[in-house]
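Protein chains: 2
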Amino acid sequence: MNKPIAVMDSGVGGLTVVQELMRQLPREEIIYFGDTARCPYGSRSKEEVKEFSYQIIDFLQKYDPKMIVIACNTATAVILEELNAKSNIPIIGVIHPGVRSVIKATVRGRVGVIGTQNTIQSGLYDYALKQIHPELYVKSLACPTFVPLVEEGTFQEQDVLSIVEEALIPFQEEDIDALILGCTHYPLLAPFIQKVMGNNIQLISSADETAREVSTILFHKNLLSQKFGRPEHHFFTSGKLSVFQHIAESWLAQPINVQYIPTEALENSQWLDTKSTIV
Amino acid sequence: MNKPIAVMDSGVGGLTVVQELMRQLPREEIIYFGDTARCPYGSRSKEEVKEFSYQIIDFLQKYDPKMIVIACNTATAVILEELNAKSNIPIIGVIHPGVRSVIKATVRGRVGVIGTQNTIQSGLYDYALKQIHPELYVKSLACPTFVPLVEEGTFQEQDVLSIVEEALIPFQEEDIDALILGCTHYPLLAPFIQKVMGNNIQLISSADETAREVSTILFHKNLLSQKFGRPEHHFFTSGKLSVFQHIAESWLAQPINVQYIPTEALENSQWLDTKSTIV
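First to last, the protein sequences are chains F and V.
Last residue of the first sequence? That's 330 in my numbering, and every number before it is there in order.
Last residue of the second sequence? That's 330 in my numbering, and every number before it is there in order.
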């Protein structure tokens with residue numbers, strides 16, 4: 052139970068989940084891999100997303116984690132079900148926590164989902180929402196312009212607002228009361244999204260809700276850390292170290308230990324060849 | 052997976068959990084037992100709470116539930132751990148969902164808990180909060196006057212406000228930013244509690260959060276209902292049928308099917324004698 056929680060993401064977006072994990076589970080050690088060099092996953096082919104995701108999961112396994120969090124909606128949509136079937140440790144994606152929360156939040160049963168092209172096209176949000184609540188009205192929308200805005204790490208407020216405003220035009224006549232930010236990068240744009248959508252719309256961040264579910268599952272599986280003192284976290288990025296470190300330290304408000312792992316070092320993954328049980 | 056969810060409570064308070072279960076999981080069938088005749092449990096001996104709770108769980112087992120929700124904080128504090136260790140189906144209490152939520156909600160790490168005498172004396176909220184987050188400041192307070200107010204089913208607004216105001220005096224200097232309503236009856240008093248505590252305090256209802264966790268656990272155990280159409284729920288009370296029906300129909304905003312079960316009919320429970328695995 053004193054093993055780390057492994058978190059994978061296509062880049063820095065998953066740090067929103069890490070921030071909430073640190074806040075809600077301060078005794079838990081985190082190992083994070085952000086595949087910044089190959090970000091965004093949202094417009095890549097499913098095969099690529101699958102290959103990259105499994106490479107990272109292979110890498111994270113070396114740290115003997117007690118749980119894996121797929122902190123990327125695109126990767127969740129592509130590999131969650133398959134990985135869950137093969138894994139001996141719990142795998143938590145970011146889609147279903149958001150789904151359960153928006154169902155809790157909506158008053159009139161009319162909800163929106165925004166995400167990357169791949170996430171929205173997968174139809175997994177729609178499916179998961181209707182699976183639990185068949186009578187919900189769901190309007191989904193891909194917002195491919197949002198991730199690049201966040202990964203750049205610098206915002207020009209007025210430009211961001213215009214981009215967000217234009218992307219969200221299709222919601223104008225939809226009369227929804229809750230909106231899932233179906234990409235872990237989007238919470239960073241939340242103030243802009245809220246401004247465009249108005250204050251009567253509840254924004255559901257996958258990040259908060261995923262951390263909450265990690266806490267729930269660790270408890271029910273009797274896996275909560277028993278260690279005292281501040282845990283030591285480890286971060287890895289396939290991209291530029293200084294950019295990752297800058298963004299991570301500013302979001303997490305603490306100095307962090309980051310290591311650069313070139314994507315070439317990942318490419319020996321046996322997972323896609325052997326199809327064996329990997330964790 | 053199309054089996055019902057069983058919910059037990061000392062009276063009508065657990066209907067706040069049922070209301071949220073119906074809203075968040077509209078495909079799930081619910082079997083509810085409210086032990087109104089012996090309510091409140093909050094000031095009874097632990098032995099009595101244990102005996103009564105197991106009698107009800109025995110009764111609910113006849114319906115072959117896929118999960119048992121102990122929708123009563125007092126009963127959760129007394130039997131959750133023991134029952135969990137013996138049960139083959141998931142058991143969800145109302146204490147830990149509230150704990151995880153208040154940790155998510157607090158900004159300054161100063162939280163309050165209110166509950167019955169038994170719940171507060173058990174120290175389980177304090178323990179569970181500190182277990183996850185050792186640095187939290189926690190102020191707990193028993194409010195034995197609240198349950199009778201709710202079970203009566205009729206409120207005189209001014210009287211209720213005075214009772215709530217007096218009970219919450221110990222929080223005046225505590226500077227907390229979130230408060231767990233650590234009894235399933237208390238959400239019915241939420242407007243009064245909010246008025247007394249002020250709008251800057253977030254109230255955490257065990258009911259909402261427990262329903263959310265039921266949803267999470269059913270999903271992760273692959274137990275969500277696959278049925279379509281409105282499920283048929285069943286309610287049982289050991290107390291006065293008309294009072295229970297009146298309160299239940301007004302909270303749940305629908306006609307319900309209630310049956311009277313005298314406590315004598317429950318007393319043949321084998322559980323306390325045999326100590327065998329019961330579910």
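Don't be surprised by glycine CBs; every beta carbon is placed ideally from N, CA and C.
Predicted model only: the values in this text are computed from it and were never measured.
(request) Report the residue from F/Tyr237, F/Asp177, F/Pro221, F/Pro242 whose alpha carbon sits nearest the alpha carbon of F/Glu208. (result) For the purposes of this step, residue 208 of chain F is identified with residue 157 of the first sequence, where counting begins at 1. Residue F/Pro242 is the option with its Cα nearest to F/Glu208.
(request) Quickly, what does DSSP pair V/Leu254 with across the bridge? List them, please. (result) Your numbering for residue 254 of chain V matches position 203 in the second sequence. Answer is V/Leu230.
(request) Tell me where the beta strand (DSSP E) around F/Asp210 begins and ends. (result) Translated into positions along the first sequence, residue 210 of chain F becomes position 159. It is not in any beta strand (DSSP E) - F/Asp210 instead sits in the alpha helix (DSSP H) that spans 208 to 218.
(message) Taking the beta strand (DSSP E) that V/Thr288 belongs to, which residues open and close that run?
(response) Counting from 1 along the second sequence, the entry for residue 288 of chain V is found at position 237. 285 to 288 is the span of the beta strand (DSSP E), which, as asked, contains V/Thr288.
(message) Give me the residue from F/Arg159, F/Lys246, F/Ile140, F/Ile56 with the minimum Cα distance to F/Glu225.
(response) As a first step, residue 225 of chain F is located in the first sequence; it is residue number 174 there, counting from the start. Closest by alpha carbon: F/Arg159.
(request) State the Cα-Cα distance for the pair V/Lys113 and F/Leu254, rounded to the nearest angstrom. (result) Translated into positions along the second sequence, residue 113 of chain V becomes position 62. Translated into positions along the first sequence, residue 254 of chain F becomes position 203. If I take the Cα positions, the gap works out to 42 angstroms.
(request) Quick one: which residues of the region 263 to 286 of chain V get their C-beta closer than 8 angstroms to a C-beta of chain F? List them in chain order. (result) Arg263, Glu264, Ser266, Thr267, Ile268, Phe270, His271, Leu275, Phe279
(request) Rank F/Phe270, F/Leu66, F/Tyr176, F/Lys181 by C-alpha distance to the C-alpha of F/Ala258 and give the top, closest one. (result) Here residue 258 of chain F refers to the residue found at position 207 when the first sequence is read from its first residue. Taking only the C-alpha atoms, the option nearest F/Ala258 is F/Leu66.
(request) Report yes if the CB atom of F/Ala229 is closer than 8 angstroms to the CB atom of F/Thr157, and no otherwise. (result) Your numbering for residue 229 of chain F matches position 178 in the first sequence. Your numbering for residue 157 of chain F matches position 106 in the first sequence. Against a cut-off of 8 angstroms, the Cβ pair of F/Thr157 and F/Ala229 comes out as a contact.
(message) Excluding the 5 residues flanking F/Ile140 on each side, which residues of the same chain have their C-beta closer than 8 angstroms to its C-beta?
(response) In the first sequence, the residue the question calls residue 140 of chain F occupies position 89. Closer than 8 angstroms at Cβ, skipping near neighbours: Pro116, Lys117, Met118, Ile119, Val330.
(message) So that I know if they touch, is there some Cβ in chain V lying closer than 8 angstroms to that of F/Asp259?
(response) Reading the first sequence from its first residue, position 208 is the one you call residue 259 of chain F. Yes, its Cβ sits closer than 8 angstroms to a Cβ of chain V.
(request) Counting only the same chain and skipping the five closest in sequence on each side, list residues whose C-beta sits under 7 angstroms from that of F/Leu72. (result) The residue given as residue 72 of chain F occupies position 21 in the first sequence. Counting only Cβ-Cβ distances below 7 angstroms, and skipping sequence neighbours, we find Ile56, Glu79, Ile81, Ala262, Val265.
(request) Can you have a look at F/Pro313 and say buried or exposed, based on whether 16 or more other CB atoms are within 10 angstroms of its CB? (result) On the first sequence, residue 313 of chain F is found 262 positions in, with the first residue counted as 1. The residue in question, F/Pro313, is exposed, as its Cβ has fewer than 16 Cβ neighbours within 10 Å.
(request) Pull up the distance between the alpha-carbon of V/Arg95 and that of V/Asn169, whole angstroms please. (result) Residue numbering aside, residue 95 of chain V sits at position 44 when the second sequence is read from its first letter. Residue numbering aside, residue 169 of chain V sits at position 118 when the second sequence is read from its first letter. Each residue's Cα considered, the two are about 8 angstroms apart.
(request) Can you tell me the Cβ-Cβ gap for V/Ile107 and V/Leu317, rounded? I've got them flagged as a contact below 8 angstroms. (result) In the second sequence, residue 107 of chain V corresponds to position 56, counting from 1. In the second sequence, residue 317 of chain V corresponds to position 266, counting from 1. The Cβ separation is near 7 angstroms, so the contact holds.
(request) Assuming V/Gly93 contacts V/Thr235 (C-beta within less than 8 angstroms), just tell me the rounded distance between them. (result) Along the second sequence, one-based indexing puts residue 93 of chain V at 42. Along the second sequence, one-based indexing puts residue 235 of chain V at 184. Their Cβ separation, rounded to whole angstroms, is 11 angstroms, which puts V/Gly93 and V/Thr235 out of contact at 8 angstroms.
(message) Under 9 angstroms, CB to CB, which of the residues in the region 173 to 190 of chain V have a partner in chain F?
(response) Ala179, Gln182, Ile183, His184, Pro185, Glu186
(request) Find out if the Cβ-Cβ distance for the pair F/Ser301, F/Asp86 is shorter than 8 angstroms. (result) Numbered from its first residue, the first sequence carries residue 301 of chain F at position 250. Numbered from its first residue, the first sequence carries residue 86 of chain F at position 35. Not in contact: F/Ser301 and F/Asp86 (Cβ atoms no closer than 8 angstroms).
(message) For F/Lys181 and F/Leu239, what's the separation of their Cα atoms in angstroms?
(response) Looking up residue 181 of chain F in the first sequence gives position 130. Looking up residue 239 of chain F in the first sequence gives position 188. The alpha-carbon atoms of F/Lys181 and F/Leu239 are separated by roughly 28 angstroms.
(request) Find the residues of chain V that neighbour F/Arg151, judging by a C-beta separation of less than 8 angstroms, and give them in chain order. (result) For the purposes of this step, residue 151 of chain F is taken as the residue at position 100 of the first sequence. The contacting residues are Gln75, Arg263, Ser266, Thr267, Phe270.
(message) For a test of the three-state rule: what should DSSP assign to V/Asp115, helix, strand or coil?
(response) If you number the second sequence from 1, residue 115 of chain V lands on position 64. Correct three-state label for V/Asp115: coil.
(message) Here's a check: name, in chain order, each residue in its chain whose Cβ is nearer than 7 angstroms to the Cβ of F/Thr196, leaving out the five neighbours to either side.
(response) Here the question's residue 196 of chain F lines up with position 145 in the first sequence. Excluding positions up to five away in sequence, the list reads Ile214, Ala218.
(request) Output the residue ranges of the alpha helix (DSSP H) runs that lie fully inside the region 172 to 210 of chain V and measure 4 residues or longer, sorted by chain position. (result) 175 to 183, 197 to 203
(request) In angstroms with no decimal places, state the Cα-to-Cα distance between F/Leu212 and V/Val247. (result) The count along the first sequence starts at 1 and reaches residue 212 of chain F at position 161. The count along the second sequence starts at 1 and reaches residue 247 of chain V at position 196. Roughly 39 angstroms between the two C-alpha positions.
(message) Along the chain, where does the alpha helix (DSSP H) containing F/Gly149 start, and where does it finish?
(response) Indexing the first sequence from 1 puts residue 149 of chain F at position 98. Note, F/Gly149: alpha helix (DSSP H), 146 to 156.
(message) With a threshold of 8 angstroms between beta-carbons, can V/Ile154 be considered close to chain F, or not?
(response) By 1-based counting over the second sequence, the position of residue 154 of chain V is 103. So yes, V/Ile154 belongs to the interface.
(request) Verify the CB distance criterion: does F/His236 have a CB-CB separation below 8 angstroms to chain V? (result) Translated into the one-based positions of the first sequence, residue 236 of chain F becomes position 185. No, its Cβ sits nowhere closer than 8 angstroms to a Cβ of chain V.
(request) Pull up the distance between the alpha-carbon of V/Leu175 and that of V/Ala128, whole angstroms please. (result) To locate residue 175 of chain V, count along the second sequence from 1; it is residue 124. To locate residue 128 of chain V, count along the second sequence from 1; it is residue 77. For V/Leu175 and V/Ala128, the distance between alpha carbons rounds to 6 angstroms.
(request) Less than 8 angstroms between the CB atoms is what I'm expecting for V/Gln310 and V/Phe287, so what's the real figure, rounded? (result) Here residue 310 of chain V refers to the residue found at position 259 of the second sequence. Here residue 287 of chain V refers to the residue found at position 236 of the second sequence. Their Cβ separation, rounded to whole angstroms, is 5 angstroms, which keeps V/Gln310 and V/Phe287 in contact under 8 angstroms.
(message) Considering only the alpha carbon of each residue, which of V/Ile183, V/Gln296, V/Lys190 lies closest to F/Ile268?
(response) Indexing the first sequence from 1 puts residue 268 of chain F at position 217. Measuring from the Cα of F/Ile268, the nearest candidate turns out to be V/Ile183.
(request) Closer than 6 angstroms by C-beta to F/Glu133: which residues in its own chain qualify, once you throw out the five before and the five after it? Chain order, please. (result) Working through the first sequence from its first residue, we reach residue 133 of chain F at position 82. Correct list: empty, nothing qualifies.
(request) Assign F/Phe279 to one of three DSSP states: helix, strand, or coil. (result) If you number the first sequence from 1, residue 279 of chain F lands on position 228. F/Phe279 falls in the coil class under three-state DSSP.
(request) Have a look at the DSSP bridge pairing and note the partners of V/Gln305. (result) The residue given as residue 305 of chain V occupies position 254 in the second sequence. Answer is none; V/Gln305 lacks a bridge partner.
(message) Along the region 129 to 153 of chain V, where does the CB come closer than 7 angstroms to a CB of chain F? Name the residues.
(response) His147, Arg151
(request) Provide the residue span of the alpha helix (DSSP H) that contains V/Arg159, from first to last. (result) Counting from 1 along the second sequence, the entry for residue 159 of chain V is found at position 108. Premise fails: V/Arg159 is in no alpha helix (DSSP H) and is neither H nor E.
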